[in-house]
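Q: Submitted below is the structure of interest, expressed as structure tokens.
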Amino acid sequence: MRMQLLKKASGYKPFLYNVYQSDVCEYLEKRNHPFVNIILNSFGNRTNVNKCPVPPEIILEHFRFPVKVLDLMPLPTGDYGLFTTFSFDRKERAQVKVYFTLTEYR
1 MRMQLLKKAS GYKPFLYNVY QSDVCEYLEK RNHPFVNIIL NSFGNRTNVN
51 KCPVPPEIIL EHFRFPVKVL DLMPLPTGDY GLFTTFSFDR KERAQVKVYF
101 TLTEYR
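Residue 37 in the UniProt record's numbering sits at position 37 of the sequence shown; the count goes up by one each step and never skips.
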């Protein structure tokens, strides 16, 4: 699994977090990165990827990102991208790219 936070400044550039964990199952065992914990814990019970082995179909249902979790991260205002690549059994299986804007009025 790779999770990158990027900030827009003449294109999207790496900003603060660039986390690489070779396998999602490895991360789920250890849960050893605070930034990844904040993001993945926000999924709550909306996904079936909570433990290994990971099911063949990955489901994320009725998910609305809880904006309040961003208060846990000291980010300045601006445009951001959160790019995540999920790997299972040492193979890339999915990519998720989320774009968002932080304003002063959080």
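Note that the Cβ used here is the ideal one computed from N, Cα and C, for glycine as well.
Assuming residue 75 contacts residue 40 (C-beta within less than 8 Å), just tell me the rounded distance between them.
A: Counting from one through the sequence shown, the residue named residue 75 turns up at place 75. Counting from one through the sequence shown, the residue named residue 40 turns up at place 40. In fact, because the Cβ distance is near 18 Å, the residues do not count as touching under 8 Å.
Q: Count the other CB atoms within 10 Å of the CB of residue 16; is the residue buried (16 or more) or exposed (fewer)?
A: Here residue 16 corresponds to residue number 16 of the sequence shown, with the count starting at 1. Answer is exposed; the Cβ neighbour count stays below 16.
Q: How long is the line joining the alpha carbons of residue 52 and residue 25, rounded to whole angstroms?
A: Taking the sequence shown and counting its residues from 1, one reaches residue 52 at position 52. Taking the sequence shown and counting its residues from 1, one reaches residue 25 at position 25. Whole-angstrom Cα-Cα distance: 6 Å.
Q: Suppose the cutoff is 7 Å on Cβ atoms and the five residues either side in sequence are ignored; what does the same chain contact list for residue 128 look like?
A: There is simply no residue 128 to check, as the chain begins at 1 and stops at 106 in what is shown.
Q: Please name the residue in 11, 1, 3 whose C-alpha comes closest to that of residue 78.
A: Mapped onto the sequence shown, residue 78 falls at position 78. Among 11, 1, 3, the Cα nearest to that of residue 78 belongs to 11.
Q: Just to confirm, is the Cβ distance from residue 83 to residue 2 under 9 Å?
A: On the sequence shown, position 83 is the one that residue 83 refers to. On the sequence shown, position 2 is the one that residue 2 refers to. Yes, they are a contact pair.
Q: Identify the residues that DSSP records as bridge partners of residue 18: which are they?
A: Position 18 of the sequence shown, counting from 1, holds the residue named residue 18. For residue 18, which the question treats as bridged, DSSP gives the partners 4.
Q: Please work out which residues of its chain come closer than 7 Å, Cβ to Cβ, to residue 60, disregarding the five sequence neighbours upstream and downstream, and give them in chain order.
A: Position 60 of the sequence shown, counted from the first residue, corresponds to residue 60. Cβ within range, chain order: 43, 46, 47.
Q: Let me know the secondary structure DSSP gives residue 120 once reduced to three states.
A: Outside the shown range of the chain, which is 1 to 106, sits residue 120, and nothing can be said about it.
Q: Indicate the three-state DSSP secondary structure (helix, strand or coil) for residue 97 in the structure shown.
A: The residue labelled residue 97 in the question sits at position 97 within the sequence shown. Residue 97: strand per DSSP, three-state reduction.
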